[in-house]
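> In terms of my numbering, the numbers along the sequence shown are unbroken and rise by one, the last being 226. Beta carbons: idealized from backbone N, C-alpha and C, even for Gly. My questions all concern the structure below.
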Amino acid sequence: MTLTVPADPGPFTFDPATTALVIIDMQRDFCEPGGFGETLGNDVSLLRTVIPPLQEVLTTARRLGMTVIHTREGHVPDLSDCPPAKLHRGNPTLRIGDPGPKGRILVRGEYGHDIVDELAPLPGEPVVDKPGKGSFHGTDFGALLADRGVTSLIVTGVTTEVCVHTTVREANDRGYECLVLSDCVGSYFPEFQAAGLAMIAAQGGIFGWVAPSSALLEALTREAVA
Ligand code: TIU
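Next comes the structure, spelled out in structure tokens:
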């Protein structure tokens, strides 16, 4: 069955049976004080606006039995999967692997590395641990999608211009059709949020489609009622 969502630059059509809701890096490390995002000098409160609309999308996707996949950016405790170029980049208050108030910064298994309570994965929902910004690099994300016959992605999470963009670009090059939900992706920089979304839909949808979550929910709700 094909559903249609009014989107930029034009209607996004998809079959919920072959579509995954992808929730990128909604981790305490990015969304709460004392984590990686704050060590980089960011106001993490800006990302929390994403949580309520994303909760609604997640609830609806689960109710309809859609594939839901979560990702987390982070590194193994000995940091062997963290390139020196990433580890030594910039001038953060704490570096990746340093002890912080929510555990070691961006290290797997630490409290800060995990997903915020409001969007906690359910048992059975895959959680992809990724060392980079993109979800395909160094992970089994592509295999998970292929195993489930997924061809379209509804992309949400943080941050718009970093991990969301990198994932959408990776996915687009691999042939996936991506709908990015404008109110379910967040940035520390309002100007990057606007430009990041515009870049996806520009040039006839060079990387994908953009729509507010209300447009997706309307299409899915019509589906649930039908
Ligand atoms: N710094 C920033 O905007 N983002 C990241 O480092 N990672 C993700 O976007 N997940």
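Is residue 129 a contact residue of the ligand TIU, with contact defined as CB to any heavy atom under 8 Å?
Taking the first residue of the sequence shown as 1, we reach residue 129 at position 129. The answer is no for residue 129.
> Tell me which residues share the same chain as residue 159 and place their Cβ nearer than 6 Å to its Cβ, disregarding the 5 neighbours each side in the sequence.
Position 159 of the sequence shown holds residue 159. Around residue 159: 187.
> Taking just the CA atoms, how far does residue 79 sit from residue 184?
As a first step, residue 184 is located in the sequence shown; it is residue number 184 there, counting from the start. As a first step, residue 79 is located in the sequence shown; it is residue number 79 there, counting from the start. Each residue's alpha carbon lies about 30 Å from the other.
> For residue 104 and residue 147, what's the separation of their Cα atoms in angstroms?
Counted from its first residue, the sequence shown places residue 104 at position 104. Counted from its first residue, the sequence shown places residue 147 at position 147. Between residue 104 and residue 147, the C-alpha separation is close to 33 Å.
> Could you please go through the chain and list the residues whose beta-carbon is closer than 5 Å to any non-hydrogen atom of the ligand TIU?
Residues flagged by the Cβ proximity filter: 25, 73, 159, 162, 163.
> Under a three-way DSSP split, which group does residue 3 fall into?
Here residue 3 refers to the residue found at position 3 of the sequence shown. In the structure shown, residue 3 sits in a strand (DSSP, three-state: E or B).
> What are the start and end residues of each continuous alpha helix (DSSP H) run of 4 or more residues lying completely inside the stretch 189–225, in chain order?
For the stretch 189–225, whole alpha helix (DSSP H) runs of length 4 or above, ordered along the chain, are 190–205, 213–225.
> Just confirm the distance between the C-beta atoms of residue 100 and residue 77, as a whole number of angstroms; I'd bet it's less than 8 Å.
The count along the sequence shown starts at 1 and reaches residue 100 at position 100. The count along the sequence shown starts at 1 and reaches residue 77 at position 77. Not a contact, Cβ separation roughly 14 Å.
> Figure out for me which residue from 12, 219, 143 has the closest Cα to the Cα of residue 126.
For the purposes of this step, residue 126 is taken as the residue at position 126 of the sequence shown. Here the closest residue by C-alpha is 143.
> Compare the beta carbon distance of residue 298 and residue 129 with 9 Å and say whether it is the shorter of the two.
As displayed, the chain neither begins before 1 nor continues past 226, which places residue 298 out of reach and without an answer.
> Skipping 5 residues on each side, what residues in its chain have a beta carbon closer than 6 Å to that of residue 23?
Residue 23 sits at position 23 when you count from the first residue of the sequence shown. Excluding positions up to five away in sequence, the list reads 70, 156, 157.
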